[in-house]
Every structure is written in C-alpha cells, then in structure tokens.
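Single-structure report; data block below.
Here it is as structure tokens:
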C-alpha cells in the first residue's frame with residue numbers, strides 16, 4: 010500500500026478558475042535558471058522554474074502519476090515544481106511533505122481559443138467583483154470532484170484517502186497588472202492518513218491568471234496555512250517571470 014500519510018497535494022483546489030508548496034522565512038524566489046517548455050493549443054510557452062524548485066518529470070514515476078489523480082476534469086495540468094531538496098527522494102518513489110510548490114494549469118475549454126486583451130480585461134473585472142460568488146459556485150461542485158479523486162486513489166493505490174474540502178475562504182484580489190490578476194485563499198482539507206486516521210489540515214494558495222500569447226494560464230503557488238504572504242510574493246515574482254519569458 011502506498012504511504013500517503015504526508016501527501017499534501019490537494020489538487021482539487023486548483024480547479025479554481027477552471028470551472029471559472031525551502032527554507033523558512035519570507036523569501037523571494039529568483040527566476041534566472043531553467044525553463045520548462047509547454048504547448049497550449051499549439052502555442053509554445055516558456056515557464057521559468059522558481060529558484061530552488063525543480064519540475065516534476067516522468068522519471069519521478071510515483072508523484073508524476075499520482076498528481077494526475079488530483080486534476081479537475083475541466084483543467085489541463087502542464088507543469089509542477091517542487092523544492093530541489095526533495096528531488097532525490099521523489100526519484101526513489103517516495104512522497105515527502107510538499108506544502109510549498111507551484112503548478113501551471115489552464116481550462117481545457119480555452120486551450121484552442123485565442124484570448125484577446127479586451128476579453129482578459131473583462132475576466133479580471135468579473136473576478137474582482139464576483140470572487141465570493143465564484144468560490145461559492147466552485148464549492149457546490151467539490152463533493153463530486155473529491156468523490157472522483159477518492160475513487161481514483163482507491164482503485165489505483167488501494168488507499169481510502171477520504172479527501173474532502175470543508176471550507177474555502179477567499180481573499181480579495183491583491184495584485185493586478187495588464188496581464189495578471191491574483192488572489193489568495195485558505196482551504197481546510199479533511200483526509201485520512203496511511204493508517205486510516207483523520208488528518209485534517211489547512212493550506213494556503215495564491216492563484217494568478219496570466220495572459221500570454223493569447224492564452225490564459227492559471228499559476229498556483231501553494232504554502233502552509235501560515236505562508237500566505239510567502240505564497241503571494243512567490244506568485245508575484247513567478248508571474249512576472251512568466252510574462253517576461255513570453256513577450
């Protein structure tokens with residue numbers, strides 16, 4: 010049986026906007042290192058790796074396959090970045106705690122669509138004025154989503170994860186540019202550990218929508234409950250780097 014007791018990859022959270030985790034302290038990532046190339050509807054995009062983080066690759070078999078179980082049906086996952094100090098462990102098939110990590114996704118419905126600057130401006134306006142209502146609508150769909158996640162984990166790994174999301178607390182939009190908009194949330198998860206005992210936790214996530222080359226990417230910066238400010242600053246630096254890498 011796969012040990013999932015320390016799994017903190019609650020991907021259900023990343024559907025936000027699709028139905029639409031290093032050292033301690035306040036550190037600002039730098040983005041002068043490697044990039045991951047992705048293709049969105051035939052458009053090539055370069056995604057810089059946050060300093061100190063590495064992309065999850067197919068060689069990281071267990072985590073690479075497992076993460077797919079947590080992607081919302083209306084989403085497409087393109088890249089995940091985890092702390093470099095965990096790469097060797099993950100390559101051995103282990104899954105460490107990953108409260109701080111980054112992911113790139115988009116809505117499957119928009120992959121083949123070219124998004125104009127004016128449309129993105131409208132989208133930002135809707136998000137600023139209706140973020141609470143958007144989250145409420147997402148919350149209504151969570152039971153079905155987590156049911157599918159639990160069934161997928163049980164079928165493939167013989168683990169009763171019993172994942173659910175009991176509370177989502179959105180915060181107002183805190184960052185906006187012509188090509189980005191970002192807000193943060195606190196999310197309370199309920200799940201079982203590897204021994205079948207309840208192991209609830211609260212996580213923070215900053216979601217940033219980025220408009221590049223006619224595509225809208227969803228950038229997610231995850232952290233522990235106390236890491237909201239880290240998540241926000243990391244998200245801001247990363248989003249700026251993505252925009253700069255895709256003029």
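Residue numbers (my numbering): 10 to 256.
Beta carbons: idealized from backbone N, C-alpha and C, even for Gly.
- Taking 8 Å as the upper bound for CB-CB distance, residue 173 and residue 199 are in contact here, some 5 Å apart.
- Listed as beta-bridge partners of residue 155 by DSSP are no residues whatsoever.
- Taking all protein chains shown into account, residue 97 has fewer than 16 neighbouring C-beta atoms within 10 Å of its C-beta and is therefore exposed.
- Here DSSP, grouped into helix, strand and coil, assigns residue 201 to strand.
- When secondary structure is reduced to three states using DSSP, residue 224 falls in the strand class.
- By the criterion of a C-beta distance shorter than 6 Å, residue 52 is surrounded in its chain by 222, 224, once the five residues flanking it on both sides are discounted.
- Residue state for residue 235 is assigned as helix, using DSSP reduced to three classes.
- With contacts defined by Cβ atoms closer than 8 Å, residue 182 and residue 136 form a contacting pair.
- Taking a cut-off of 8 Å on C-beta distances, the stretch 91-108 touches the stretch 227-241, as three or more cross pairs fall below it.
- As summarised for the stretch 117-173, the continuous alpha helix (DSSP H) elements at least 4 residues long and confined to that stretch are 126-166, given in chain order.
- In the displayed model, residue 187 falls within coil according to three-state DSSP, outside both helix and strand.
- No residue range can be given for residue 43, since it is assigned to no alpha helix (DSSP H) and is classified by DSSP as neither H nor E.
- Judged by pairs of C-beta atoms under 8 Å, the stretch 138-145 does not touch the stretch 55-63, as fewer than three such pairs exist.
- Cα atoms of residue 125 and residue 117: separation of roughly 17 Å, rounded to the nearest angstrom.
- Per DSSP, residue 71 is one residue of the alpha helix (DSSP H) stretching across 70-76.
- The bridge partners DSSP lists for residue 53 are 48.
- Rounded to whole angstroms, residue 66 and residue 99 show a C-alpha spacing of 10 Å.
- Under DSSP, no beta-bridge partner is assigned to residue 240.
- DSSP places residue 65 in the coil class of the three-state scheme, outside both helix and strand.
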